[in-house]
Amino acid sequence: MADNPFVHVELATTDLGKAKDFYAKLFDWELDDSRMDDYTMIGVGEHEYGVGGGMMKAPMPGMQSAWLAYVSVDDIDAATEKAKTLGATIIKDVTAVGNFGFLSIIQDPTGAVLGLWKSVPQEIATA
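193 is the number that the numbering used here gives the last residue of the sequence shown; the numbers go up by one with no jumps.
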């Protein structure tokens, strides 16, 4: 397996209810609102190439609905800084996400946006 796989895909939407209704009917996804407030986890089942994700209300006024992919990194601070030195713009600096892990969001030099993700080990997350 690659050292930096895609691990999560997230929809920020202007209408969460409408998006949930649409995707629940379109795909055989399990939508779960129980893990976090204002966030719906997407379960895609056990597939060789499947990656789960989530949905949330767009966090900024005027933001268009869009999907964002996240890549796993071993050191979120180092990866975010390295992206910056390579010409990326840091849209959201390293931020804790409950006891699940840490994320940052970058925009590469061509304008594409990507999330970086560092999971917290399960034994720490449940402690």
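Think of the CB as a built atom: it goes at the ideal place given N, C-alpha and C, for glycine as much as any other residue.
- Contact between P71 and S138 holds, with the beta-carbon distance rounding to 6 angstroms and staying under 8 angstroms.
- CA-to-CA, the gap between G164 and V179 works out to about 23 angstroms.
- DSSP, read as helix, strand or coil, puts T176 in coil.
- Considering only D99, A124, G118 and K148, the residue with the shortest C-alpha distance to T80 is A124.
- Closest option to D141, judged by alpha-carbon separation, among H74, E96, L182 and K84: L182.
- With fewer than 16 other Cβ atoms inside 10 Å of its own Cβ, H113 counts as exposed.
- With distances taken between CA atoms, V75 lies nearest to V110 out of R101, V110 and D69.
- The secondary-structure analysis by DSSP pairs V163 across a beta bridge with G167.
- Boundaries of the beta strand (DSSP E) around A135: A132 to S138.
- In the structure shown, D98 falls within a strand segment according to DSSP collapsed to helix, strand and coil.
- Listed in chain order, the non-local C-beta contacts of I157 below 7 angstroms within the same chain comprise I171, I172, Q173 and V179, local neighbours out to five positions each way being set aside.
- In the structure shown, Y115 falls within a coil segment according to DSSP collapsed to helix, strand and coil.
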